[in-house]
Amino acid sequence: FTEAEVYQRSFNPQAYLKEFYCLTDSQGQPNTFLTDNLRSLSKIFSLDWLRGETLIDVGCGPTIYQLLSACEHFQEIIALDYTDQNRRELEKWLRNEAGAFDWRPVVQYVCELEGDREKWAEKEEKLRKKVKQVLKCDVTKANPTEPVSLPSADCLLSTLCLEAACKDLATFRSALRNISALVKPGGHLVLLTVLRETYYAFNKQVFSCLHLEREAVEEAVEGAGFEVKFSEAQPCLPGDVRVDCEAVLSLVARR
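Dropping the structure here:
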């Protein structure tokens with residue numbers, strides 16, 4: 001199991017972004033893992049009851065792709081991540097600093113899904129304005145943002161985080177209970193989780209991943225006090241040596 005300190009010490013956000021968040025890989029092949037996830041999120045955030053004032057993104061990493069559809073329906077976004085360099089990398093993009101990762105092709109892709117590719121600059125500006133705070137979090141703590149106490153949000157989003165942060169199913173279940181306190185009763189949880197993955201690798205490093213079955217994830221979500229409203233597993237293309245996931249589960253639940 002890859003401990004939190006290893007992420008803090010040796011996770012390289014720039015290398016991670018370059019490896020997994022370009023629309024085409026180094027061989028010129030389309031990044032279907034990313035585009036499938038963008039399509040899932042676009043579909044989820046087009047549900048007309050998924051709306052509100054605040055959204056908290058748990059385990060955002062150095063990425064913004066997961067917020068591109070969400071930012072149309074929430075007024076204020078708080079992004080949380082354990083690793084200092086991930087939060088710095090995210091802030092670099094939010095401040096439009098030189099050397100930040102170029103998300104433009106991904107933003108254009110999402111705008112195209114929403115009907116107008118040319119609105120990418122407008123969407124980038126909207127997202128930059130709406131992310132109000134970027135804070136440290138630890139999902140294994142009863143209050144993940146300790147010592148900060150956040151007011152509970154209308155929506156909780158977590159993409160590809162818990163399965164990397166939790167060493168076993170008991171920790172996964174407990175992490176879901178911990179983060180559930182961040183969302184209001186009647187609020188929603190949006191979860192993207194890889195299924196049956198044991199590792200992901202880049203930059204000559206291997207990071208562990210908790211092998212999860214769909215039923216176990218749904219049960220853990222229900223055990224944290226949510227009712228599953230939507231759940232869909234999208235198979236992953238086999239043959240990628242960097243990951244061994246079989247599918248991505250996208251799920252929406254109501255607290």
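Residue numbering for the sequence shown follows full-length UniProt numbering, beginning at 1 and increasing consecutively.
Positions of the beta carbon are idealized from the N, C-alpha and C atoms, including for glycine.
Buried or exposed: residue i, going by 16 or more other Cβ atoms within 10 Å of its Cβ?
i, result
"E197", "buried"
"N203", "exposed"
"G223", "exposed"
"R88", "exposed"
"F11", "buried"
"G141", "Per the sequence presented here, residue 141 reads as Lys, with Gly not at that position. K141 should be labelled exposed."
"V58", "buried"
"R120", "What sits at residue 120 in the sequence shown is Trp, not Arg. Buried."
"V206", "exposed"
"W93", "buried"
"T83", "buried"
"E146", "exposed"
"V190", "buried"
"D116", "exposed"
Across which residues does DSSP place residue i in a beta bridge pair?
i, result
"F230", "V252"
"Q66", "Its beta-bridge partners do not exist; DSSP assigns none."
"V241", "For V241, which the question treats as bridged, DSSP gives no partner whatsoever."
"S158", "L191"
"P30", "T24"
"S208", "Y199"
"P147", "DSSP output for P147 lists no bridge partner at all."
Output yes or no for whether 8 Å exceeds the beta carbon distance between residue i and residue j.
i, j, result
"L157", "Q14", "no"
"L162", "R214", "no"
"C71", "I77", "yes"
"A247", "P238", "no"
"R255", "P185", "yes"
"L127", "L34", "no"
"F1", "S208", "yes"
"Y7", "P62", "no"
"G52", "C137", "no"
"V134", "L90", "yes"
"D81", "C60", "yes"
Check residue i in the structure and name its three-state DSSP category.
i, result
"G59", "coil"
"Y16", "helix"
"F202", "strand"
"F11", "coil"
"P105", "helix"
"G186", "strand"
"E5", "helix"
"S180", "helix"
"A153", "strand"
"S46", "coil"
"L53", "Sequence check: residue 53 is Glu here, not Leu. Of the three classes helix, strand and coil, the one that applies to E53 here is strand, per DSSP."
"A247", "strand"
Can you check the segment 69 to 101 for any beta strand (DSSP E) of at least 3 residues that lies completely inside it and give the ranges in chain order?
-> Listed in chain order, the complete beta strand (DSSP E) runs (minimum 3 residues) inside the segment 69 to 101 are 74 to 81.
Completely contained alpha helix (DSSP H) runs for the segment 107 to 145, where each covers 4 or more residues | 120 to 130
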